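Accompanying notes for the structure given below.
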Amino acid sequence: AQSVTQLDSHVSVSEGTPVLLRCNYSSSYSPSLFWYVQHPNKGLQLLLKYTSAATLVKGINGFEAEFKKSETSFHLTKPSAHMSDAAEYFCVVSEMRGAQKLVFGQGTRLTINP
Amino acid sequence: SQTIHQWPATLVQPVGSPLSLECTVEGTSNPNLYWYRQAAGRGLQLLFYSVGIGQISSEVPQNLSASRPQDRQFILSSKKLLLSDSGFYLCAWSNDRGRNQPQHFGDGTRLSIL
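Chains as they are written, first to last, in our numbering: chain A, 7 to 120; chain D, 135 to 248.
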């Protein structure tokens with residue numbers, strides 16, 4: 007079965023500095039991986055997805071993630087944090103059991119300091 | 135373009151009362167539909183999914199039920215709410231084209247049980 011581990015429950019960075027949110031996955035076959043962002047009292051918005059094409063995936067709002075099979079990782083990065091990036095981020099792996107299902111990490115809360 | 139609507143946005147209900155949360159999708163046909171619950175400070179738990187009208191799969195035993203009376207309508211119900219049913223409920227849809235498809239989320243319903 008697939009699983010996802012987000013290595014940090016909370017990350018705090020200063021505005022204008024790089025962001026790194028770490029994610030490791032476990033999958034018995036070539037996975038599809040996603041990052042979602044959730045602002046307070048809102049639904050989840052898709053940031054980017056990896057589906058076995060290019061290993062470096064670019065998403066919205068300047069975020070990108072690199073799929074590393076040897077490390078079973080899919081870390082999310084952004085070169086320069088903005089105050090509006092403060093939110094909860096979820097790393098997600100997809101599996102097929104009757105219907106496409108998503109397995110969510112526990113989330114990383116990103117705080118941006120002015 | 136596709137859109138997903140959930141209502142109400144917030145709901146306060148007494149213990150033992152019934153529940154009906156509605157979710158509708160526009161701009162697509164035969165979507166896969168999903169209900170999730172998100173407890174405070176935790177990730178998402180898949181409650182139900184549906185691959186077609188009248189087809190409901192339950193992921194966890196619980197006090198809730200789901201129905202899909204129309205292709206793009208998904209309803210979450212309970213006959214008698216429990217305190218433990220409090221949480222943030224999210225509806226999502228995806229295209230029925232395999233595991234590479236992301237899920238797209240509504241804005242959620244915040245349910246408080248008193």
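Glycine included, every Cβ here is placed at the ideal spot set by N, Cα and C.
None of these values were measured; they are calculated from a predicted model.
The stretch 62-74 of chain A makes no contact with the stretch 7-20 of chain A, as fewer than three CB pairs between them are under 8 angstroms. Collapsing the DSSP output to three states places leucine 217/D in a helix. With a cut-off of 8 angstroms on Cβ pairs, the stretch 99-118 of chain A is in contact with the stretch 172-189 of chain D, counting three or more such pairs. Our two residues, cysteine 157/D and phenylalanine 208/D, have alpha carbons roughly 5 angstroms apart in a direct line. Contact of leucine 108/A with chain D is assigned, a C-beta pair being separated by under 8 angstroms.
Separation of threonine 117/A and lysine 214/D (C-alpha to C-alpha, rounded to the nearest whole angstrom) is 39 angstroms.
Here leucine 52/A really is in contact with phenylalanine 40/A; their C-beta atoms are around 6 angstroms apart, less than 8 angstroms. Taking CB atoms only, asparagine 47/A has a neighbour in chain D less than 8 angstroms away. Within the same chain, Cβ atoms closer than 6 angstroms to the Cβ of tyrosine 168/D are found at Tyr183, Ala226, the five residues on either side in sequence being excluded. Taken through DSSP and simplified to helix, strand or coil, asparagine 119/A comes out as strand. Residue contact with chain A for leucine 224/D: present (Cβ-Cβ distance below 8 angstroms to some residue of chain A).
DSSP, read as helix, strand or coil, puts asparagine 67/A in helix.
For the C-beta of leucine 52/A, the chain D residues within less than 9 angstroms are, from N- to C-terminus, Pro236, Gln237, His238, Phe239. Interface residue (Cβ-Cβ distance to chain D less than 8 angstroms): lysine 55/A is classified as such.
Serine 76/A carries a coil assignment under DSSP once its states are collapsed to helix, strand and coil. Close to chain A, meaning a Cβ-Cβ distance shorter than 9 angstroms, are the following residues of the stretch 170-195 of chain D: Tyr170, Gln172, Gly175, Arg176, Gly177, Leu178, Gln179, Leu180, Tyr183, Ser184, Val185, Ser191, Glu193.
In the DSSP assignment, leucine 145/D falls within the unbroken beta strand (DSSP E) covering 144-147. Scanning its chain for C-beta atoms nearer than 7 angstroms, with the 5 sequence neighbours on each side dropped, one finds around proline 142/D the residues Thr243, in chain order. Residues of the stretch 17-38 of chain A with a C-beta atom less than 7 angstroms from some C-beta of chain D are Ser38, listed in chain order. By the neighbour-count criterion, in which a residue is buried when 16 or more other Cβ atoms sit within 10 angstroms of its Cβ, valine 159/D is buried. The beta carbon of serine 218/D sits closer than 6 angstroms to none of the beta carbons in its chain outside the five residues before and after it.
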